[in-house]
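One structure below.
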Amino acid sequence: MAGEAQRKGGFTPYALLAPGMIWLILFFMLPVWFLLQTALSKADAVGNTSFVWKWSNFSDSWSLYQHQYLLSFRYAFIATLLCIAIGYPLAYAIAFRGGRYKNLLLGLVVVPFFTSYLVRTLAWKTILQDQGPFVRMLRDIHVLSANGHLLSTSWAVIGGLTYNFLPFMVLPIYVSLEKIDVRLLDAARDLFSNPFRAFRKVVLPLSLPGIFAGSLLVFIPAAGDFVNSALLGSPQTRMIGNVVQGNFLETLDYPSAAAISFVLMAIITVLVLGYSKLLGTEDLTV
Amino acid sequence: MTAIEGTPAVQEHVRATVGSSRAGGRYAPRWVRRLGNGLLNGWAVVAYVYLFAPIVVIVIFSFNNLNGITHPFNYTWRGFTFSNWAHPFGKFPELGRAMVESLKIAFIASLVATVMGSLVAIALSRYRFRGGAVVNLLLVLPLTTPEICLGSSLLTLFLTRGVALGFVTILIAHIMFCVSFVALTVKARIRGFDWTLEDAAMDLGAPPLRTFRKVTMPLIMPGVIAAFMLSFSLSIDDYIITVFNAGNTVTFPIQIFTEQKIAVPPQIDVLASMILFVSIALIGGGTAFRLLRENRLRST
Numbered sequence: 163m164a165g166e167a168q169r170k171g172g173f174t175p176y177a178l179l180a181p182g183m184i185w186l187i188l189f190f191m192l193p194v195w196f197l198l199q200t201a202l203s204k205a206d207a208v209g210n211t212s213f214v215w216k217w218s219n220f221s222d223s224w225s226l227y228q229h230q231y232l233l234s235f236r237y238a239f240i241a242t243l244l245c246i247a248i249g250y251p252l253a254y255a256i257a258f259r260g261g262r263y264k265n266l267l268l269g270l271v272v273v274p275f276f277t278s279y280l281v282r283t284l285a286w287k288t289i290l291q292d293q294g295p296f297v298r299m300l301r302d303i304h305v306l307s308a309n310g311h312l313l314s315t316s317w318a319v320i321g322g323l324t325y326n327f328l329p330f331m332v333l334p335i336y337v338s339l340e341k342i343d344v345r346l347l348d349a350a351r352d353l354f355s356n357p358f359r360a361f362r363k364v365v366l367p368l369s370l371p372g373i374f375a376g377s378l379l380v381f382i383p384a385a386g387d388f389v390n391s392a393l394l395g396s397p398q399t400r401m402i403g404n405v406v407q408g409n410f411l412e413t414l415d416y417p418s419a420a421a422i423s424f425v426l427m428a429i430i431t432v433l434v435l436g437y438s439k440l441l442g443t444e445d446l447t448v
Numbered sequence: 248m249t250a251i252e253g254t255p256a257v258q259e260h261v262r263a264t265v266g267s268s269r270a271g272g273r274y275a276p277r278w279v280r281r282l283g284n285g286l287l288n289g290w291a292v293v294a295y296v297y298l299f300a301p302i303v304v305i306v307i308f309s310f311n312n313l314n315g316i317t318h319p320f321n322y323t324w325r326g327f328t329f330s331n332w333a334h335p336f337g338k339f340p341e342l343g344r345a346m347v348e349s350l351k352i353a354f355i356a357s358l359v360a361t362v363m364g365s366l367v368a369i370a371l372s373r374y375r376f377r378g379g380a381v382v383n384l385l386l387v388l389p390l391t392t393p394e395i396c397l398g399s400s401l402l403t404l405f406l407t408r409g410v411a412l413g414f415v416t417i418l419i420a421h422i423m424f425c426v427s428f429v430a431l432t433v434k435a436r437i438r439g440f441d442w443t444l445e446d447a448a449m450d451l452g453a454p455p456l457r458t459f460r461k462v463t464m465p466l467i468m469p470g471v472i473a474a475f476m477l478s479f480s481l482s483i484d485d486y487i488i489t490v491f492n493a494g495n496t497v498t499f500p501i502q503i504f505t506e507q508k509i510a511v512p513p514q515i516d517v518l519a520s521m522i523l524f525v526s527i528a529l530i531g532g533g534t535a536f537r538l539l540r541e542n543r544l545r546s547t
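Residue numbers (my numbering), protein chains in the order written: chain E, 163 to 448; chain F, 248 to 547.
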């Protein structure tokens, strides 16, 4: 916020806000209401829904798809951890070792994501396929058994999720590392801290907001994703997103799909609100 | 490595009391630091290899020779050819049609979202008013809601109100998620701008429209252009939200997803490579243009 240059505008700011806000209220807030309404409806044989306060849709969605909910959260959680493991050192190297190439190096992190999401994921299918050199190498060094594969396993799905959402981890961590005053590190060293201790006591705490923001930005899309599971996984790796997609667009079971989608949204919203209570929304928006 | 300042005598004194930076104190030995740096750089290299592996595969496999196969699956290498690039739509005209559809949607949606989102950003960074926190929350929430929830809830709205799905409903959806991105991007770019420049222009007799054109526009334009490009790339690439609201309209991602069980022609990789090269050229060009302009501004 610019502070002093800001002025009281009377009616003007509301006029400027109106088109965008009305659009968000109509097509973001209002649909949530209809989602809830559909989730409480019952469907007849031809797929028409009527609103009847059918709360059992919610309990059914949990009892029927408990496995897929838990699997989604587990995959998203592992992908988030992997993103931290890969992304943190990368962001650190760019921020503190990048020198004058910082912006270029940061740009390189984003460049792969200018190609299509689906084509990128299909490219992983090429890399991970059984006849490919990667799987052959893993078999040769006995990481995989002689007829083991990667495609259609949980690891392929988790790998795809990790890959597709990695920049959402690297960018916020980079931003928080970049803000650190290098003189703090000099101070730590002058006070006889060894590099590891300086990292643990100075750098890590200051970059925690970036890690938290990145974790949300990876976890949320990963938990709701169905593309990676559909392209790289198998029926055993069906995530909750695949169930929502299937029930909405294939079996046309709208009430059940709406209930699942609503529960997922509720869980994530609670996570986000808890997060912003703790740390504010500034870090989420980079 | 910070050098110890002062005359040699002072340096000697500091070294004696504090301990040499080489061996004394609790400084890590040099080989440990070297090893640490080496591991860090090595890790960064591995991370870049991971990031670029699929991209390299896409570009290489766009030259894969799968001619003569009715249902080609571009997963294994069968030989080099230029024919995919020479006829990117040749055998698969539906890919081209889907691409045109995606470009149209991305263009219109980004245009509308950029205007609405930039206005929101200007209101937020320039005026003090009640309800700013609510506006900020309303902007962030769409970004922190899983796409599948955005897409499916919008679908329930259209279903309940009996709205026919198609081009227009895709546009509505894309504008919705782009507005937030635009508003936040522009807001971040114009944070801390000196809005009193506008007052200066008005004091010098410039009418409001001229002030906007000559002062406000040039100030916010870089952020607005960046936001437009971001929306464009988000819109053209979106699958999850789109598939819920598409009806029978086929965008590029929808085409790929529905066809991938039947065929994955190398032409997909050709188009993906084209998108990649065009966006790299745009970003590179944009950066070069900005650097040039900054240099010129600095030299005048």
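Note that CB positions come from ideal geometry on N, CA and C, so glycine has one too.
Spatial neighbours of residue 364 of chain E in its chain, beta-carbon cut-off 7 Å, leaving aside the 5 residues before and after: Taking the first sequence and counting its residues from 1, one reaches residue 364 of chain E at position 202. Once the five neighbours on either side are set aside, the close Cβ partners of residue 364 of chain E are 346, 347 and 350.
With a threshold of 8 Å on Cβ separation, who are the neighbours of residue 118 of chain E within its own chain once the five nearest residues in sequence on each side are excluded? Look at the range of chain E in this structure, 163 to 448, and you will see that residue 118 of chain E is not part of it.
Taking only beta-carbon positions, decide if residue 539 of chain F is within less than 8 Å of chain E. Residue mapping note: residue 539 of chain F aligns to position 292 of the second sequence, counting from 1. With 8 Å as the cut-off, residue 539 of chain F does not count as an interface residue toward chain E.
Let me know if residue 295 of chain E comes out buried or exposed under the rule of 16 or more other beta-carbons within 10 Å of its beta-carbon. On the first sequence, position 133 is the one that residue 295 of chain E refers to. It is exposed - the Cβ of residue 295 of chain E has fewer than 16 other Cβ atoms within 10 Å.
Opposite residue 203 of chain E in the DSSP bridges: which residues? One-based indexing of the first sequence puts residue 203 of chain E at position 41. Answer is E:213.
Determine the direct distance from the alpha carbon of residue 478 of chain F to that of residue 174 of chain E, and round the result to whole angstroms. Start at 1 with the first residue of the first sequence, and residue 174 of chain E comes out as number 12. Start at 1 with the first residue of the second sequence, and residue 478 of chain F comes out as number 231. Going by the C-alpha atoms only, they are around 26 Å apart.
Does the CB of residue 261 of chain E have a neighbour CB from chain F at under 8 Å? Locating residue 261 of chain E in the first sequence gives position 99, counting from the first residue. No, residue 261 of chain E lies away from the interface with chain F (no Cβ there is under 8 Å from its Cβ).
Going by the beta-carbon positions, is the gap between residue 410 of chain F and residue 416 of chain F smaller than 8 Å? As a position in the second sequence, residue 410 of chain F is number 163, starting the count at 1. As a position in the second sequence, residue 416 of chain F is number 169, starting the count at 1. The answer is yes: Cβ separation under 8 Å.
Per DSSP, what kind of secondary structure is residue 377 of chain F in: helix, strand or coil? As a working mapping, residue 377 of chain F is identified with position 130 in the second sequence. Coil, per DSSP.
Distance cutoff 8 Å, beta carbons only. Does residue 411 of chain E sit that close to anything in chain F? Position 249 of the first sequence, counting from 1, holds the residue named residue 411 of chain E. Residue 411 of chain E counts as touching chain F.
Distance, residue 249 of chain E Cα to residue 397 of chain E Cα: Along the first sequence, read from residue 1 onward, the residue named residue 397 of chain E stands at position 235. Along the first sequence, read from residue 1 onward, the residue named residue 249 of chain E stands at position 87. For residue 397 of chain E and residue 249 of chain E, the distance between alpha carbons rounds to 30 Å.
When the Cβ atoms of the region 276-284 of chain E are set against those of the region 509-519 of chain F, are three or more pairs found closer than 8 Å? yes
Quick one: is residue 314 of chain E near chain F, going by C-beta distance under 8 Å? Your numbering for residue 314 of chain E matches position 152 in the first sequence. Not closer than 8 Å to any Cβ of chain F, the Cβ of residue 314 of chain E fails to qualify, so no.
Counting beta carbon pairs with one atom in the region 360-371 of chain F and one in the region 428-437 of chain F, are three or more of them shorter than 8 Å? yes
Residues near residue 244 of chain E in its chain [Cβ-Cβ closer than 6 Å; skip 5 each side]: Locating residue 244 of chain E in the first sequence gives position 82, counting from the first residue. Once the five neighbours on either side are set aside, the close Cβ partners of residue 244 of chain E are 324.
Of all Cβ atoms in chain E, is any one closer than 8 Å to the Cβ of residue 385 of chain F? Working through the second sequence from its first residue, we reach residue 385 of chain F at position 138. So yes, residue 385 of chain F belongs to the interface.
If you compare alpha carbons, which of E:424, E:193 and E:384 is closest to residue 408 of chain F? For the purposes of this step, residue 408 of chain F is identified with residue 161 of the second sequence, where counting begins at 1. Of the candidates E:424, E:193 and E:384, the one whose C-alpha sits nearest the C-alpha of residue 408 of chain F is E:193.
Please state the DSSP three-state secondary structure of residue 511 of chain F. For the purposes of this step, residue 511 of chain F is taken as the residue at position 264 of the second sequence. Note: residue 511 of chain F maps to strand in three-state DSSP.
I want to see whether chain F comes within less than 8 Å of residue 386 of chain E, judged by CB atoms only; does it? Taking the first residue of the first sequence as 1, we reach residue 386 of chain E at position 224. With 8 Å as the cut-off, residue 386 of chain E counts as an interface residue toward chain F.
Residues from the region 436-454 of chain F in contact with chain E, defined by Cβ distance under 8 Å: Within the region 436-454 of chain F, the residues whose Cβ lies closer than 8 Å to some Cβ of chain E are 438, 439, 440, 441, 442 and 443, listed in chain order.
C-beta atoms of residue 394 of chain E and residue 339 of chain E nearer than 8 Å: Position 232 of the first sequence holds residue 394 of chain E. Position 177 of the first sequence holds residue 339 of chain E. For residue 394 of chain E and residue 339 of chain E, no; Cβs fall outside 8 Å.
For residue 282 of chain E, would you say it is in contact with chain F, using Cβ-to-Cβ distances shorter than 8 Å as the test? For this step, residue 282 of chain E is matched to residue 120 along the first sequence. Closer than 8 Å to some Cβ of chain F, the Cβ of residue 282 of chain E qualifies, so yes.
Leaving aside the five residues before and after residue 331 of chain E along the sequence, list all residues of the same chain whose C-beta is less than 6 Å from its C-beta, in chain order. Indexing the first sequence from 1 puts residue 331 of chain E at position 169. Result list for residue 331 of chain E: 245, 249, 376 and 380, in chain order.
In whole angstroms, what is the alpha-carbon distance linking residue 186 of chain E and residue 423 of chain E? Along the first sequence, read from residue 1 onward, the residue named residue 186 of chain E stands at position 24. Along the first sequence, read from residue 1 onward, the residue named residue 423 of chain E stands at position 261. Each residue's alpha carbon lies about 19 Å from the other.
Contact the region 353-365 of chain F vs the region 475-491 of chain F: 3+ CB pairs below 8 Å: yes
Does the Cβ of residue 418 of chain F lie closer than 7 Å to at least one heavy atom of the ligand NAD? This structure lacks the ligand NAD, and indeed carries no ligand of any kind.
For the alpha helix (DSSP H) containing residue 291 of chain E, list its first residue and its last residue. Indexing the first sequence from 1 puts residue 291 of chain E at position 129. Counting along the chain, residue 291 of chain E falls outside any alpha helix (DSSP H), and DSSP gives it neither H nor E.
From the DSSP output, in three-state form, read off residue 542 of chain F for me. In the second sequence, counting from the first residue as 1, residue 542 of chain F sits at position 295. Helix, per DSSP.
Rounded separation between residue 298 of chain F and residue 469 of chain F - CA only: As a working note, residue 298 of chain F is residue 51 in the second sequence. As a working note, residue 469 of chain F is residue 222 in the second sequence. Using only the alpha carbons, I get a separation of about 28 Å.
At least one CB of chain F closer than 8 Å to the CB of residue 148 of chain E: is that the case? For residue 148 of chain E there is no data in the structure shown, the boundaries of chain E being 163 and 448.
Does the beta carbon of residue 288 of chain F sit closer than 8 Å to a beta carbon anywhere in chain E? Position 41 of the second sequence, counted from the first residue, corresponds to residue 288 of chain F. Residue 288 of chain F counts as touching chain E.
6 Å CB neighbourhood of residue 424 of chain F in its chain, flanking five on each side removed: Residue 424 of chain F sits at position 177 when you count from the first residue of the second sequence. Excluding positions up to five away in sequence, the list reads 389.
Between the region 298-308 of chain E and the region 505-513 of chain F, do at least 3 Cβ pairs fall closer than 8 Å? no
Tell me whether residue 271 of chain F sits in a helix, a strand or coil according to DSSP, three-state version. As a working note, residue 271 of chain F is residue 24 in the second sequence. Only weak support is given to the placement of residue 271 of chain F: the predicted model assigns it a pLDDT of 41, under 50, and the value that follows is read from those uncertain coordinates. Three-state result, residue 271 of chain F: coil.
Is residue 321 of chain F helix, strand or coil when you go by DSSP? Position 74 of the second sequence, counted from the first residue, corresponds to residue 321 of chain F. Coil.
Closer than 9 Å by beta-carbon distance: list the chain E residues that pair up with residue 364 of chain F, in chain order. The sequence position of residue 364 of chain F within the second sequence is 117, counting from 1. Ordered by position in chain E, the residues that pass the 9 Å Cβ test against residue 364 of chain F are 182.
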